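Down below is the structure, laid out as structure tokens.
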Amino acid sequence: MDTTSNLTMTTRKKVSEATSHIRVAVRIRPLNGAERSDKCTSIARSDKIKNTVELKAKPFGPFSRVFDTDTTQAEIYADLVSPQIKKVIAGFNCTVFAYGQTGTGKTFTMEGGRTDAKSSQDDPTTGIIPRAVEDIFEKLESSKCEEYSLRVSYVELYNEELLDLLASSDDEDRERLRIFDDPHKKGVIVSGVEEVPVRSRSDVFKLLKTGAEKRKTAATLMNMNSSRSHSLFMVNVVVRENTNTGEELVKQGKLNLVDLAGSENIGRSGAQGNRAKEAGSINQSLLTLGRVIRSLTTNAQHVPYRESKLTRLLQDSLGGSTITSLIATLSPSSSNFEESQSTLEYAMRAANIKNKPVCNTKVSKKTILKEYSDEIEKLRRDLRAAREKNGVIISEESHEEFQRNTEKVNELEQKLDSAVDRLRRYTEDLLYMDDQYKQLYERKGELESRLRESHREYAEKVVELAETNDVLNKNIEAIGVMHTNALKSFDQLLQSREAADELTTDIAAFWRKVDDMGAADDRNKDIFEAFRRKMTSFIEKTSLQAEAFANDGRLASEEFVHEVTPHVKTFGSVADSIDQNSKEIQTSLMNVFQQTTEIEENAANTINSLSNDNREQWDAVLKTCVEYYKAHATRSEELSKQLTEKLAEIKRQVAAFANDVRPLLTEIRNTTSDSFEKRVQQSDENVAEVKKTCSGMAETLKMLMQQVEQLSVKAEENHERQLIGDQNTQESILSTINAAENVIQSVEDVIEECCDVKEVEDSARGDLDDIDMDMENAVKEARERAVEKDREVKKVTSTLLEKANAIREETTAQVEAALGRYSTTSETCRTTGESLQTKVQESSERTMSLFTMFAEATHIVTEEATGAINAVKMTFVDPSNNVPPRIIPEYPASEKLVKPVEPETLLGMEEDAEDGSDGELAKKKRRVTAFVRRDSLLDSTNFFPSPNAIQKRREAPIDEEEDTEN
Ligand SMILES: Nc1ncnc2c1ncn2[C@@H]1O[C@H](COP(=O)(O)OP(=O)(O)OP(=O)(O)O)[C@@H](O)[C@H]1O
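For reference, each letter of the sequence shown is one residue, going -8 to 957 in the working numbering.
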């Protein structure tokens, strides 16, 4: 606060804008505590859309804006003042003043709720003045101007006296401040007011605090109330810019923030004495203000600005070249109806004032200096002229004139002092600025060389980038080729997989066949069980039959004895009886032979048919198995061969592919990561250096800093673009590499899978080989066993047949011997009946023993047959154990069974037949045959006749003729 100046309210050269009305806003504060306790009601209604206010239903407006009780300080500032700050920086003069009844919130609106607030962030009740200063700083800092300066003044107008609230000294300064017209600048000058340069927001807040304290102290000293004084806070903004032609231009804008005294009725306030004077002067100012407003709105010839200091100070803001806003503050209380009404009327009148805002022309420094030096020169001339008049004897009239001149000289001296002060200040500013310029130029040169260096590096980087790009393109092409190869490999793998699937299907079919074989084996088992059951029942039946046969033989023998005995008694008929008996015996023997033969035939047929059935079935199974295994072996061999070939091919390709790809990928990765890291490092270093340079430059030279910042931003953008491009490329390469690696990995996995498949196939083949071997062994074993069993069966059968033949032969021989003996005996028995009886008895006994022997032999045979059959056991293999059923080998053809000897042969009928004679012997034969037929135990339709049937047949008469025919 070391500078003083004459505060000018105008600047010299201006650019006109269109004429505009003063903006008038109305703000209604909330009811305060006192009003509420007085049970006052709110009578103010605002319409924010129409921007009107109603007081007891009486409408006022429309105004530019209406702010109701809820409106915040920030909203008012943003709406009303913020746009004006831009204008101030652009070179306009702007004024915001608050008008209204005491206690309606003028000071609250202009300054805020607290005086110790450090920023609007700190306190939401912060008023227009601090917010405006903050805003100016923010806008200037973010603007592109070369240089700016802010000077603030803070004055108070009380009882038509001006008080500098920022002055270092107190009372004596009060006299210093004078308002006078500036004839050249067409404005008013507040002479001697402190214009304090501020560099930061905090400076302004400090000044505001100082001003508020000083205002308080003054109020105490002068026994005044702040509401009785007007305060004027002025912010002078000077912005220097460089034109495109390099000319330096200066813009000067000014913001006047005015907090008027309360507009209350002096009569109502009850002021007396000093207070009355005070109130009068307040009203003087306000009344003059009102008259000025009226004059301006009625286009009166004369506008009484000079009638009060307030209107003089606000002259340019009212009807002049300033952009002006007025905030009319209102109490909503019913108790303040009249004042509120008056305020609104006042505001409506003010709204009609038209201003013609003009922008102060940008003037060069030289012009300003020239103006100041012209003014100084003029003042000097005046002074010299005045001094030249000293020492001359002059008349009283002249003396008076001299006196007047002296006053004028004093005034001029004051003006000169003020001008010299300003000149000094500007000179200082200029020196300071020149110094700054010098530094800036140096810095600029330095920055330009760095910039050139950066350009060179940038060009190198571009070349490097192009090279890298080529490498990357090549790599991408290589990766494309690899990709194509990988796709081919995949196709081949897919084919291999299909082949493997076919193999799997074949193996599944094989296992189905194995299952079928198991089922066939089960059927074989069932068949064999049935065979065994049948054999068992046959043997049981044979045993029963043999017993029955033995019993019948015994009975027949007994009968024979019984029948022979009476014949023996009758000697004459002995021979016939013997013949008869012989025939009967022969018949019995034939019967026995026939039965035995049929038994043998049946047994042989059964065994043969079973063997044949069994053999056919098992042969079919064997054939199927053999065919299947042959086919399977062939198919497996083929598949295995194909698979092996394909796997070998895939392995070769993939190995070649991997060999091609791996070094390439490694090279790509190394190349790209190395170059990328290097470039990132270099770029980071460059950016850091540029940033460092930029920050260094920013401190010293804003202009160049801006350029450099722009360049830096561009460089950063380029670098970032480059970096992003590199990163993208790098990422895409890395992703491609990763994809390729994944492909290789998956190919390798597939190869491994294929190897697994191969292993499985090998093991399956091994299993199949094992199975084949097992099967061969099993077939061999089964064949051997079957051959063995067949041999055993044949052996049993042949044993049985041998025994039967032996029995037959022995029996035949015995019968023949017996018959021979009977023949001989029949010749002699006629004479020796007794001996014959004995012989018959012997013969009977021998026959009995023969029968017994036969029965025993049959029993032995059947037992042996049973044992043999039981010994025939099949081995079955459970298909679930992966072993196919045993296969019965091909049987050798059964030997032909020995036909039994016909009874006719035994009885010698053939000889008789050759003779063609029908003698006694033939008769006998027929009778025997008829007897045999009648008593035959075998029947083609009734294999095992019931005892009743046998008895019936026996009792039936023998029809020789019929039998003979048959
Ligand atoms: N819109 C508002 N919201 C909240 N409180 C307010 C508002 N307007 C004013 N006040 C409060 O009302 C009281 C009076 O306000 P202020 O001193 O600003 O009135 P003024 O018009 O400046 O009075 P004077 O003319 O006497 O200086 C203060 O305590 C202030 O905090």
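Heads up, the beta-carbon is just placed ideally off N, CA and C, and yes, glycines get one too.
Being a predicted model, the structure only gives us computed values, none of them experimental.
I'd like to confirm something about residue i: is its beta-carbon nearer than 7 Å to some heavy atom of ligand 1, or not?
i, result
"proline 21", "yes"
"glycine 202", "no"
"glycine 94", "yes"
"phenylalanine 99", "yes"
"threonine 320", "yes"
"glycine 311", "no"
"alanine 69", "no"
"alanine 16", "no"
"glycine 959", "Given that the chain is displayed from residue -8 to residue 957, the structure contains no residue 959 and the question cannot be resolved."
"alanine 252", "yes"
"glycine 104", "yes"
"glycine 91", "yes"
In three-state DSSP terms, what is residue i?
i, result
"glutamate 772", "helix"
"isoleucine 34", "coil"
"glutamine 92", "coil"
"histidine 293", "coil"
"lysine 347", "coil"
"leucine 22", "coil"
"serine 227", "In the sequence as presented, serine is not what sits at residue 227; that position holds asparagine. In the structure shown, asparagine 227 sits in a strand (DSSP, three-state: E or B)."
"glycine 103", "strand"
"lysine 245", "strand"
"aspartate 194", "helix"
"proline 188", "strand"
"lysine 525", "helix"
"threonine 10", "coil"
"alanine 123", "helix"
"threonine 866", "For threonine 866, the pLDDT reaches just 42, beneath the cut-off of 50, and the residue's location in the model is therefore unreliable, leaving the point undetermined."
"threonine 60", "coil"
"phenylalanine 128", "helix"
"serine 55", "coil"
"aspartate 250", "strand"
"threonine 320", "strand"
"threonine 86", "strand"
"threonine 116", "coil"
"threonine 1", "Low local confidence applies: a pLDDT of 37 at threonine 1 is under 50, so the model's placement there is unreliable, with the coordinate-based value given in what follows. Three-state DSSP puts threonine 1 in coil, outside helix and strand."
"lysine 39", "coil"
"serine 409", "helix"
"aspartate 425", "helix"
For the beta strand (DSSP E) that residue i lies in, which residues bound it at each end?
i, result
"glycine 311", "Segment: none, glycine 311 is in no beta strand (DSSP E) and carries neither H nor E."
"tyrosine 145", "138 to 149"
"leucine 46", "43 to 46"
"lysine 300", "From DSSP, lysine 300 is part of no beta strand (DSSP E) but of the alpha helix (DSSP H) over 300 to 304."
"lysine 78", "No beta strand (DSSP E) contains lysine 78, which is instead part of the alpha helix (DSSP H) from 73 to 81."
Going by DSSP, which residues form a beta bridge with residue i?
i, result
"glutamate 239", "Asn233"
"arginine 169", "Ser182"
"lysine 435", "Bridge partners of lysine 435: none, in fact."
"proline 50", "Glu45"
"aspartate 155", "Val146"
"serine 222", "Glu147, Asp250"
"alanine 16", "Arg56, Ile318"
My guess is that residue i and residue j are in contact by the Cβ rule of under 8 Å, so how many angstroms apart are they, rounded?
i, j, result
"serine 140", "proline 188", "6 Å"
"leucine 321", "threonine 95", "6 Å"
"asparagine 227", "arginine 142", "4 Å"
"threonine 100", "isoleucine 67", "7 Å"
"glutamate 147", "isoleucine 120", "Not really, about 14 Å apart at Cβ, beyond 8 Å."
"alanine 338", "valine 15", "5 Å"
"isoleucine 284", "isoleucine 367", "Isoleucine 284 to isoleucine 367, Cβ: 38 Å. No contact."
"proline 115", "alanine 81", "Wrong, their Cβ atoms sit about 29 Å apart, outside the cutoff."
"phenylalanine 958", "leucine 248", "Residue coverage of the chain in this structure runs from -8 to 957, which leaves residue 958 outside it and unanswerable."
"phenylalanine 58", "valine 17", "7 Å"
"alanine 341", "isoleucine 13", "6 Å"
Can you name the start and end residues of the alpha helix (DSSP H) that residue i belongs to?
i, result
"arginine 340", "328 to 341"
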